[in-house]
Amino acid sequence: MRQFIIILVTASILLGWGKTGHRVIGKIAEENLSPEAKEKITQLFGHSDLASLANWADDIKSDPAWRHANDWHYCTILEGKEYEGPDAGGRAVQKVTEFTDLLNKGTLSEKDQKDVLRFIIHIVGDLHQPLHVGNGTDRGGNDVKVTWFREETNLHRVWDSQLIDHLQFSYTEYAQQIQLGITPAEKDTLTNPTLLSFVYASKAVHPQVYDIGDGKLSYEYIYKNRDLLDDRLLKAGYHLAAILNDIFK
Ligand code: ADE
Ligand code: ZN
Ligand code: ZN
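Numbering of the sequence shown is given in the working numbering, commencing with residue 383 and proceeding in unit increments.
Shown next, in the form of structure tokens:
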């Protein structure tokens, strides 16, 4: 029993955006894929529904064969420092780079192409969750105890899922809402992202994310952070599309 509880607690610490968040990002990305990328992804999976592929990397965490991949979902930039690589904690940046290179080389088996693609779809999303770019002091906010409508939780979980779940949208509704009013010019500025640029953008919003007052979070925190949440999900979708379009051009 004790062991079971420890496994449960560990699993809850390591998850990324919740299921809806990853699906929203997948949906937005799919709507912005080039015809070439869409065709290649359809060849591999029989469809190009990225929302349905976006949570696989979390689902496999219950498979001991994938335990080595548990730290592929986040990275760390120490306070006042530049990104210094995975030794600071978390391999997300390293893995997206490595997997993009592998797909570009074109030497992977079909199974490995599928695995690597599902990881890219997921990890690019995670890296837009501000607390998946940790500062090395509180495990990406997992150690920051807060309440959410009086329920005990932590800041990381609020950002992974509780903010999103509170909105009560389906993932398709939310993906549509987020994209309302986005102009083609705005889209264009987002089509050439470097991996580190959006990692730093996640880091840059920490002052706002950590502005939690007495830690009793509810309507006011949502009101203050809704635009930021939408922005992170929107950019995750566009950046993911840009990365996939670049691989499959
Ligand atoms: N564990 C340690 N740092 C983490 C982070 N930034 N996100 C998720 N899990 C973590
Ligand atoms: Zn994740
Ligand atoms: Zn998370």
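For every residue, glycine included, the Cβ atom is placed at its ideal position computed from N, Cα and C.
For L562, the secondary structure class from DSSP, reduced to helix, strand or coil, is coil. The beta carbon of T424 is closer than 8 Å to those of S430 in its chain, skipping five residues each way along the sequence. Each of T402, H504 and D453 was checked against the Cα of A623, and the nearest Cα belongs to H504. Our two residues, E534 and F551, have alpha carbons roughly 23 Å apart in a direct line. When the five nearest sequence neighbours on each side are left out, the beta carbons in the same chain lying within less than 6 Å of the beta carbon of L432 are those of G408, A411, E412 and I503, in order along the chain. In chain order, T529 place their CB closer than 6 Å to the CB of K598, counting only its own chain and leaving out the 5 sequence neighbours on each side. Unbroken beta strand (DSSP E) runs of no fewer than 3 residues, entirely contained in the segment 514–595, are found at 527–530 and 533–536, following chain order.
In the DSSP assignment, the residues bridged to T458 are G516. If the five residues before and after V591 are omitted, its C-beta is found closer than 8 Å to the C-beta atoms of P512, L513, G523, L537, W541, N607 and L610, all from its own chain and listed in chain order. Beta-bridge annotation (DSSP): K598 is paired with T529. A distance below 7 Å between beta-carbons, with the five flanking residues on each side excluded, links P575 to the following residues of its chain, in chain order: H621 and A624. H510 carries a coil assignment under DSSP once its states are collapsed to helix, strand and coil. In this structure, I629 and L490 do not form a Cβ contact; the two beta carbons are roughly 12 Å apart against a cut-off of 8 Å. Collapsing the DSSP output to three states places G403 in a helix. At a Cβ-Cβ threshold of 8 Å, D453 and G472 count as neighbours. The C-beta separation of Q561 from L616 comes to about 7 Å, placing the pair in contact by the 8 Å criterion. Between T573 and the set I459, D469, A618 and E492, the nearest pair of CA atoms involves A618.
Contact check for G398 against D547 fails: the beta carbons are separated by 8 Å or more. If only complete runs of 4 or more residues are kept, the segment 417–467 shows the alpha helix (DSSP H) at 417–427, 432–435 and 438–441, in order along the chain.
The alpha-carbon of I564 is positioned some 10 Å away from that of D570.
Using a 10 angstroms sphere on the CB of A567, the tally of other CB atoms stays under 16, which defines it as exposed. Taken from the Cβ of H510, every heavy atom of ligand 1 lies 7 Å or farther away. Close CB contacts of A557 within its chain, under the 7 Å cut and outside five residues either way in sequence, are with V406, K409 and I410 (chain order).
Every residue whose Cβ sits closer than 5 Å to any heavy atom of ligand 1 is listed here in chain order: Y456, H514, G516, R521 and G522. In this structure, the beta-carbon distance from N517 to E461 falls below 8 Å.
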